[in-house]
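Number of protein chains: 4
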Amino acid sequence: MALKFKYAAALIPWANPGDRFLRAGYREALPPLQRLKHAASLGVLDGVELMYPAEVNEENVQEVKRILSDTGLALAIVGTPISSERRFANGALTSRDPSVRRTAIDRVKAGMDMCAELGGNQIMFFLGQDGCDYSLEVDYEEAWSWMAESIAEMASHRDDVKICLEYKPFEPRRHIFLNDVGTALHLIDQIDADNVGVVLDTGHALMANETLGESIWLLHRARRLYHFHFNDNYRGWDDDMIVGSIHFMPFVEAVYWLKRIGYSSWISLDLFPYREDPDLAVTESIAYLKRLDEIVDEIGLETITELLHHNDGARTLRVINRHVLGTN
Amino acid sequence: MALKFKYAAALIPWANPGDRFLRAGYREALPPLQRLKHAASLGVLDGVELMYPAEVNEENVQEVKRILSDTGLALAIVGTPISSERRFANGALTSRDPSVRRTAIDRVKAGMDMCAELGGNQIMFFLGQDGCDYSLEVDYEEAWSWMAESIAEMASHRDDVKICLEYKPFEPRRHIFLNDVGTALHLIDQIDADNVGVVLDTGHALMANETLGESIWLLHRARRLYHFHFNDNYRGWDDDMIVGSIHFMPFVEAVYWLKRIGYSSWISLDLFPYREDPDLAVTESIAYLKRLDEIVDEIGLETITELLHHNDGARTLRVINRHVLGTN
Amino acid sequence: MALKFKYAAALIPWANPGDRFLRAGYREALPPLQRLKHAASLGVLDGVELMYPAEVNEENVQEVKRILSDTGLALAIVGTPISSERRFANGALTSRDPSVRRTAIDRVKAGMDMCAELGGNQIMFFLGQDGCDYSLEVDYEEAWSWMAESIAEMASHRDDVKICLEYKPFEPRRHIFLNDVGTALHLIDQIDADNVGVVLDTGHALMANETLGESIWLLHRARRLYHFHFNDNYRGWDDDMIVGSIHFMPFVEAVYWLKRIGYSSWISLDLFPYREDPDLAVTESIAYLKRLDEIVDEIGLETITELLHHNDGARTLRVINRHVLGTN
Amino acid sequence: MALKFKYAAALIPWANPGDRFLRAGYREALPPLQRLKHAASLGVLDGVELMYPAEVNEENVQEVKRILSDTGLALAIVGTPISSERRFANGALTSRDPSVRRTAIDRVKAGMDMCAELGGNQIMFFLGQDGCDYSLEVDYEEAWSWMAESIAEMASHRDDVKICLEYKPFEPRRHIFLNDVGTALHLIDQIDADNVGVVLDTGHALMANETLGESIWLLHRARRLYHFHFNDNYRGWDDDMIVGSIHFMPFVEAVYWLKRIGYSSWISLDLFPYREDPDLAVTESIAYLKRLDEIVDEIGLETITELLHHNDGARTLRVINRHVLGTN
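Read top to bottom, the protein sequences are chains F, V, U and E. Using the numbering used here, you'd call the opening residue of the first sequence number 23 and step up by one each time. Using the numbering used here, you'd call the opening residue of the second sequence number 23 and step up by one each time. Using the numbering used here, you'd call the opening residue of the third sequence number 23 and step up by one each time. Using the numbering used here, you'd call the opening residue of the fourth sequence number 23 and step up by one each time.
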């Protein structure tokens, strides 16, 4: 019987996304607990991502548990952001100020505890301020060493919660140290821990000129593909757009490889619908991914695998287009 | 009754495309006249693009006419390349050497005559060597003035043949003067001629961060959309790939706008299938475009126009995905 | 006697720049009038850019005049932003809601009046929300027509204040209609007004793959180069970095062409020093530009013009490097 | 006493570089042995790169030795290209055809033997055909496993010759498996060999959005920085331009880090001067790099290291600009 994916989403669409030109945001935010209830009300999600401490924290944890239980939503992952505060402007894990690094590490550990308290088993963060903008403004020797040490310390905090590193080439820093799948794997190769892996964000991978199926395979081979974010973009920036709004075949490839490796963790959405209907942005993305899942089943994993072995993009495309579009 | 597009292709797929690492090309070329017959044998093309003098010339013109007549293929356009010879390395129309400019102008004029001789009504060229690589290596004042003068002279050669300028941001020069739709229109605004317009190449437009529908509209509004090339790419380079192999919605938008403006000239392919089956590359691209044409008809121009007026990408996507993919 | 440039800056460096990950901004802002005094205190600026109504408005205009007079700073330009409010999220000049377009037009007109009141002669805005993100979410026919009409109406408001359009390929919209130099010139070609031109922002031009010298020349030839913004970036995004922090030769080319055309308006800075010392960001950029100005004088305009005529980037580079770096 | 770099160059500038629009090349090539003599005659190179078998081979090896000895040029490295033949079009080390993989492996081994015969100690290749263009046309599981096995076999062929892998994001394939520094290190982490490392090509690293100093540091930390190629580009493509023709500070950073880690291998050039004077392209690049080397010495490694620790790009820039440009 075919494995079914579990679908989740981050709650950003209802949290008033903004940008540097409209920092007040493009619409009013729902309060955190209402976002959660609202997400449940869409009826298409199996789980949610919750940010610690902005959306779930020591104060509201019991209420969050109750809502999850009432709505039947599972906790997909806890986000523990360490890139969105002024104190982390020159780096969280790679700041030259040891007290800043301590704050960041402790924040993630507290998020791991919160995750366990909620019955979850994985947390994630991205290192958006741990990078550089200008030439000759960072001592990479120090930075890389602090980054590895900090993550190792987090990993040893508790082994029942997995740490998902979210690599990304740039933004907000013009260059982020943890910038792509190869660098993430090289970093993990140096950390002696079984609970440090990766959340692959398709948008970040497209920015990094990666081929989605290959990145999935490389992470799987290393047993480090822990979590998955879908969104679409124009390849030059992290647009966080509705899945399938730009690309088609790259997402078919991603779904094929997720199924081929027997991926059994969450398929989640990381969307920033600044001007679009946030409910539609989420429901359309989920509907699209579920349809791709079916399409791969309908054509058959074996048939697609056999196509790979012809090394002819035109031949694969003919099969997919005939099935999906009814071309002849 | 809905307008039907006429489909054509350039013959490059059978002409042994190569690159700087494999200048000998990725497979053996068919001789020019065989390319033509072979293209006809696919049974999906209404017309072809022919390069002057490489594929059609004073020597073989009678034979080309006979093949066109025998196969029922129409001549979509004559290409008159002025970027692929060593003498044009520092510019064809903008070379500082007047004899080089003269050679380029005369070449295009001869191509116009050949086009008329073949019963055609439009020629095209792109100005791939008319640009620059390094800072401070070109006097833009001279270059722009020679470019405009040269094109004006070509235009006055005969008014029964239209000149299609093919803009492109870069390659082979790192910066091409005639680099995007706005620049092309600004140049045309300065030339007093009714037979100078544009061939919009979707790959070039994607490289230039253009939105296909908008570029179609801007050219149409100026009555300068003469010819159209489809191909796909990853937005960073002119990959000349099979249509639909990467993008989906941008092509739906393109087809909608072509239909909305009542475009009645050729839809042609400019593909470089280095490693793929060349026949499949062409037939799949045509099948895909014909299916997009149907899809837009099925949904209806008016329905899509109404969607535009909601300014919500999510809503449009829902309609398209439901129709095309059967999402719900 | 060599023409001397006048140097100015926008006050953003002291206005707490932020981004979508740190919307609270990277440091505390100075209040508007203190920004102005602080900018004067650096001792390197001849003028400033003031935003209407955030920095100068009907309430504080007399005080602003006094500070300008006391400090000897000139008003370089008034900015009249129409991309930074929620009401303009789906377009300012191209919104489908006529009352939104009206608000935007009136805002710019009021800014023109304020500019005149301050003794200035030019205003500027960029159309960052007038664009699109998704395929098939905008009716380009309407949008382009409203954009041209709106600007024509502004232009006719008063002819003693020039309107500087600031083109930019994208951000915040993923595609901005007024996206590059060619498109700006094509738009201006359609508006019958003598006071509509362009502010060339080097960062926006680099994003658009333009060659700075060529864009300067094209705007000058059309008599539409009204204002100039310098900043640097990595070519993929509007990083608004210190001038010369990444590129070198492209800026030498820009300065050469500004001098060659006898540019006599302002050289201004549009910098976002999120994490850097804001005073240093400004003073270093000015020092750099003044040195480039001297370098071009030292080598000589004629010498450089003669180099252009050799069409050999290596030869030009040798002359510049020998002079600047002392290579041999 | 300060370490002095050794400077070398590939001979491409005199080998008639071409591209897909001018496959016949932009000028006549010198025959291989004359290229070598000509390179020596410039008087600025300590060594050269030689391609096997195109430039050095079993037939001419004695003559090559004699020329090297006569001219005093050292052999910097032997290139063993496996991306420039039709048989490798669908991959050299990752072809599904075992006989193709065998041919590629044997070619590299023969190049290693030739290198030893010439008294050299390192060879290099890049895997430009080992990648993909279309979605779902490669089985990454097979490909990665063949790639690692093939390189391991080469490494075990002889341990007195080091293998330098040249990573690159794309071209000729639209995606190359060995695409960036992190991926290269992750691959090397899996191969049990002490003689497999990396040639860092600055152009490839810029294409991959890397920060040159960081990539140098990461490779050095892993003891895998074996060889170094300088060239410049616009970050979107492998333009292989004269060093310093576009960027400045990124190259200062690269030279600082090379000196800080005590890099003692070759600094070489990989340039494609299609239209420029080839001798000038090489001599200017060398003069530029030697000057950067001096500049870093003049300012002092310790001073720059101290600047890194301020995490302020503006402050670093002030010091560099004052020293280099004489700004104040």
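In this text, a Cβ means the ideal position worked out from N, Cα and C, and glycines have one as well. In this text, all values refer to a predicted model and were calculated from it rather than measured experimentally.
>> Which of the three DSSP states is assigned to alanine 336 of chain E in this structure?
In response: Helix.
> What are the start and end residues of each continuous alpha helix (DSSP H) run of 4 or more residues lying completely inside the segment 62-99 of chain U, in chain order?
Replying inline: If one requires a minimum length of 4 residues, the alpha helix (DSSP H) runs lying completely within the segment 62-99 of chain U are 83-93, in chain order.
> Whose C-alpha, out of E/Val86, E/Asn112, E/Ala111 and E/Gly94, is nearest the C-alpha of valine 100 of chain E?
Replying inline: It is E/Val86 whose Cα lies nearest to the Cα of valine 100 of chain E.
> Using a C-beta cutoff of 8 Å, does leucine 291 of chain U count as contacting chain C?
Replying inline: Of the protein chains in the structure, F, V, U and E, none is chain C.
> Three or more C-beta pairs closer than 8 Å, one from the segment 280-293 of chain F and one from the segment 198-218 of chain F: is that the case here?
Replying inline: Below 8 Å, too few C-beta pairs join the segment 280-293 of chain F and the segment 198-218 of chain F to call them touching: fewer than three.
>> Can you look up glycine 153 of chain V in the DSSP assignment and give me helix, strand or coil?
In response: In this structure, glycine 153 of chain V counts as strand in the three-state DSSP scheme.
> Do proline 53 of chain V and methionine 73 of chain V come within 8 Å of each other at the CB atom, strictly closer than that value?
Replying inline: With respect to the 8 Å criterion, methionine 73 of chain V and proline 53 of chain V are not classified as neighbours on the basis of their beta carbons.
>> Assuming tryptophan 288 of chain V is part of the beta strand (DSSP E), what are its boundary residues?
In response: Its beta strand (DSSP E) spans residues 288-291.
> Residues in the segment 269-289 of chain F with C-beta within 7 Å of chain E's C-beta atoms, listed in sequence order?
Replying inline: Taking 7 Å as the Cβ-Cβ cut-off against chain E, the residues of the segment 269-289 of chain F that qualify are Met271, Pro272, Val274, Glu275 and Tyr278.
> Are the CB atoms of leucine 339 of chain E and isoleucine 317 of chain U nearer to each other than 8 Å?
Replying inline: No, these two residues do not count as a Cβ contact at 8 Å.
>> So if DSSP puts glutamate 163 of chain U in a beta bridge, which residue, or which two residues, is it bridged to?
In response: Beta-bridge pairing by DSSP links glutamate 163 of chain U to no other residue.
> Should leucine 44 of chain V be flagged as near chain E, meaning a C-beta pair shorter than 8 Å?
Replying inline: With 8 Å as the cut-off, leucine 44 of chain V counts as an interface residue toward chain E.
> Taking only runs of the alpha helix (DSSP H) that begin and end inside the segment 180-264 of chain F, which ones reach a length of at least 4 residues, in chain order?
Replying inline: Counting only runs of 4+ residues, the alpha helix (DSSP H) found wholly inside the segment 180-264 of chain F occupies 203-212, 224-229 and 234-243, in chain order.
>> Which residues in chain V have a C-beta closer than 7 Å to the C-beta of leucine 302 of chain F? List them in chain order.
In response: Residues of chain V whose Cβ lies closer than 7 Å to the Cβ of leucine 302 of chain F are, in chain order, Ala336, Arg337 and Arg340.
> Closest to leucine 115 of chain E by CA distance: which of E/Glu164, E/Arg45 and E/Arg282 is it?
Replying inline: Ranking the options by Cα distance to leucine 115 of chain E, first place goes to E/Glu164.
> Is DSSP giving alanine 46 of chain V helix, strand or coil here?
Replying inline: In this structure, alanine 46 of chain V counts as coil in the three-state DSSP scheme.
>> Which residues of the segment 142-160 of chain V have a Cβ closer than 7 Å to any Cβ of chain U? Give them in chain order.
In response: The segment 142-160 of chain V vs chain U, Cβ under 7 Å: Cys154, Asp155, Tyr156, Ser157, Leu158, Glu159 and Val160.
>> Using CA atoms only, rank isn't needed, just tell me which of V/Val122, V/Asp68 and V/Leu97 is closest to serine 105 of chain V.
In response: Out of V/Val122, V/Asp68 and V/Leu97, V/Val122 has the C-alpha closest to the C-alpha of serine 105 of chain V.
> Opposite glycine 101 of chain F in the DSSP bridges: which residues?
Replying inline: Partner(s): F/Met73 and F/Met146.
> Quick one: is arginine 195 of chain U buried, meaning 16 or more other Cβ sit within 10 Å of its Cβ, or exposed?
Replying inline: In summary, arginine 195 of chain U is buried, with 16 or more beta-carbon neighbours lying within 10 Å of its beta-carbon over all protein chains present.
>> Can you give me the C-alpha to C-alpha distance between tyrosine 189 of chain V and serine 290 of chain V, rounded to a whole angstrom?
In response: C-alpha separation (whole angstroms): 16 Å.
>> Within 8 Å, do at least three Cβ pairs link the segment 54-67 of chain V to the segment 26-35 of chain V?
In response: Verdict: yes, contact present.
>> If the criterion is Cβ atoms closer than 8 Å, does the pair aspartate 299 of chain F and arginine 337 of chain V meet it?
In response: Taking 8 Å as the Cβ cut-off, aspartate 299 of chain F and arginine 337 of chain V qualify as a contacting pair.
> Between tryptophan 354 of chain E and the rest of its own chain, which residues show a CB-CB distance below 8 Å, the 5 nearest in sequence each way excluded?
Replying inline: Outside the displayed range of chain E (23 to 350) lies residue 354 of chain E, so it cannot be described from this structure.
>> I'd like to check one pair, tryptophan 279 of chain U with isoleucine 321 of chain U: are the Cβ atoms closer than 8 Å?
In response: No, they are not a contact pair.
> DSSP on aspartate 128 of chain U, reduced to helix/strand/coil?
Replying inline: In this structure, DSSP gives aspartate 128 of chain U a helical state, which the three-state scheme calls helix.
> What residues of chain F sit near glutamate 306 of chain V, judged by a beta carbon separation below 8 Å?
Replying inline: Near glutamate 306 of chain V (Cβ distances below 8 Å), the residues of chain F are Ala336, Leu339, Arg340, Asn343 and Thr349.
> CA-CA distance, alanine 96 of chain U and glycine 142 of chain U?
Replying inline: A straight line joining the alpha-carbon of alanine 96 of chain U with that of glycine 142 of chain U spans about 9 Å.
> Taking 8 Å as the CB-CB cut-off, is leucine 228 of chain F touching chain E?
Replying inline: In terms of beta-carbon proximity, leucine 228 of chain F stays away from the interface with chain E, with every pair separated by 8 Å or more.
> At what residues does the alpha helix (DSSP H) containing lysine 281 of chain F begin and finish?
Replying inline: Run containing lysine 281 of chain F: 271-282, per the alpha helix (DSSP H) assignment.
> What residues in the segment 245-261 of chain F have a beta carbon less than 8 Å from any beta carbon of chain U?
Replying inline: Flagged, chain order: Tyr256, Gly258, Trp259 and Asp261.
> Are aspartate 223 of chain F and valine 277 of chain F close, meaning C-beta to C-beta below 8 Å?
Replying inline: Their beta carbons are not under 8 Å apart, which means aspartate 223 of chain F does not touch valine 277 of chain F by this criterion.
> What first and last residue would you give for the alpha helix (DSSP H) that runs through glutamate 312 of chain E?
Replying inline: Just to set this straight, residue 312 of chain E is lysine in the shown sequence, not glutamate. Counting along the chain, lysine 312 of chain E sits inside the alpha helix (DSSP H) bounded by residues 300-321.
> Quick one: Cα of leucine 234 of chain E to Cα of cysteine 154 of chain V, how far?
Replying inline: Answer to the nearest angstrom: the Cα atoms are 26 Å apart.
>> Please state the DSSP three-state secondary structure of proline 119 of chain V.
In response: The sequence given here has aspartate at residue 119 of chain V, not proline. If DSSP states are grouped into helix, strand and coil, aspartate 119 of chain V belongs with coil.
> Taking the C-alpha atoms as reference points, what is the distance between phenylalanine 294 of chain E and isoleucine 185 of chain U?
Replying inline: Here the alpha carbon of phenylalanine 294 of chain E sits roughly 44 Å from the alpha carbon of isoleucine 185 of chain U.
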